[in-house]
Amino acid sequence: MPEKRLPFTKKQILEIIEKYPTPFHIYDEKAIRKNAREFKKAFAWNKGFKEYFAVKACPNPYIMKILQAEGFGADCSSLAELVMSEKTGFSGEEIMFSSNDTPAEDFVKARKLKATINLDDFSHIAYLEKIAGLPEMICFRYNPGPLKKGNVIIGHPEESKYGFTRDQLFEGYRICRDKGIKRFGIHIFVASNELDPNYFVETADILFRLIAEVSHALNIRFEFANLSGGIGIPYRPEQNRIDLTAMSRGIKEKYENIIVGGGFAPLKIFTECGRYITGPYGYLVSKVLHIKDTYKQFAGLDACMANLMRPAIYGAYHHITVLGKEKQPPNFMYDVTGSLCENNDKFAIDRMLPKLTPGDTVVIHDTGAHGFAMGFNYNGKLRSAELLLREDGSVVQIRRAETLKDYFATLDFKELKKFKIK
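To convert, note that position 164 of the sequence shown is 164 in the numbering used here; the numbers rise steadily by one, no gaps.
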């Protein structure tokens, strides 16, 4: 059976635990950099290509700084992500702001940063103009509806809350053209965690043909096409990585036939991947607290779904390695759980593992995207630390663990003493 490999040994992890107690997320800088370079290389045929890292996947300025050094931009969807990008050193068109149901203050901040704003809603053209003014470049998110099938995580496009319809797209660009805007982009995002390269080639075909039609109808020229993200990773050991070369080759063929052949070049290709860039290179390290034997065997960890909620909300698979027991046969079946007062607080159900005992160190794989980022404080659980395994083998803390003081910081217990119950 294929294996999931780790960038560290049990000895290294135990040394790290002496300084940074479990649970914690740890990221592999060397692997992230290597992957980032390979991703850029795959699209080197497009001179304007740029990947805007989806901040929501792993919102840590240290990770963002590493990716900025590799030439990436930042894809933001909220005020906090815009501010984090600003503090990390991103500015102007290094930032792509793609939001939905957007508050006014978010748009105002995006305009101040001179970010590229990707509007999700036809009504937001007038809304943005009123609260912050229209920028010199505008981009719309296209929802192809029944023209394109979605997948389990994001759903069918026609049922999605995201994007413009085809008719709204034409009307939106016409309105902006008539208001004097001369720089245009277009965006599409219809899948999440997809491993079929042909899916993205088909999506590019839809978008490129739409660019041709809008350009002809309105006499405008597009600067970029944002094919967004959604590229999946092999969470299961038996799965293969997406064939990035085949995907890029297919997109290039569509580009040559439709964009170059139609006279619409040059057109910059943008992406906004998060999961694909960092997902496989993050790990949640935890310890077994208890083994419970009732109708099933339960292995209770010191981590819980507050540290990684994907298995609970999606039924997602995350591989588990028991450090020091990699060669032992997986002869015992466990539900691997956390301590929340929720029965779906499980990292794995009926998972075959080596025999576990309290104190065992376990590593949950592929938590480098939508792991720490989706954390929460239900039951008063505190968010864990984030660590970075540097290229030279050293480890630095890039976010400390929360404390009870942090948890209670928004409450005023002095005022509580004055509070009278009627």
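All residues carry an ideal CB built from backbone N, CA and C; glycine is no exception.
Counting along the chain, residue 258 sits inside no alpha helix (DSSP H), nor does DSSP assign it H or E at all. The beta carbon of residue 66 sits closer than 7 Å to the beta carbons of 29, 32 and 33 from its chain, once the five residues preceding and following it are set aside; these are given in chain order. Taken atom to atom, the span from the alpha-carbon of residue 69 to that of residue 346 is near 37 Å. Distance from the CA atom of residue 76 to the CA atom of residue 327, rounded to whole angstroms, is 42 Å. Annotation: the continuous alpha helix (DSSP H) that includes residue 109 extends over 104 to 112.
Going by beta carbons, residue 274 and residue 212 fall outside the 8 Å limit. Residue 386: member of the beta strand (DSSP E) spanning 385 to 389, first to last residue. Secondary structure in the stretch 67 to 138: the alpha helix (DSSP H) runs of 4 residues or longer, each lying completely within the stretch, are 79 to 88, 104 to 112 and 124 to 131 in chain order.
Annotation: residue 3 is outside any beta strand (DSSP E) and is labelled neither H nor E by DSSP. A Cβ-Cβ distance of about 17 Å is found for the pair residue 42 and residue 278, leaving them out of contact under the 8 Å criterion. Contact annotation: residue 99 and residue 78 have beta-carbon atoms nearer than 8 Å. Sixteen is the threshold: when 16 or more other Cβ atoms of the shown chains lie within 10 Å of the Cβ of residue 231, as they do, the residue is buried. Here the stretch 347 to 366 lies against the stretch 321 to 339, with 3 or more beta-carbon pairs under 8 Å apart. Residue 346: member of the beta strand (DSSP E) spanning 346 to 353, first to last residue. For residue 268, the enclosing beta strand (DSSP E) begins and ends at 268 to 271. The distance from the Cβ of residue 228 to that of residue 189 is about 4 Å, consistent with a contact at the 8 Å cut-off. Taking the Cα positions, residue 417 is about 42 Å away from residue 291. In terms of Cα proximity to residue 322, the closest of 102, 413, 284 and 187 is 284. According to the DSSP assignment, residue 216 belongs to the alpha helix (DSSP H) that extends over 197 to 218. For residue 208, same chain residues with a beta-carbon under 6 Å away, outside a window of 5 residues either side, are 254, 258 and 259 in chain order. Residue 359 and residue 286 have their C-alpha atoms some 9 Å from each other.
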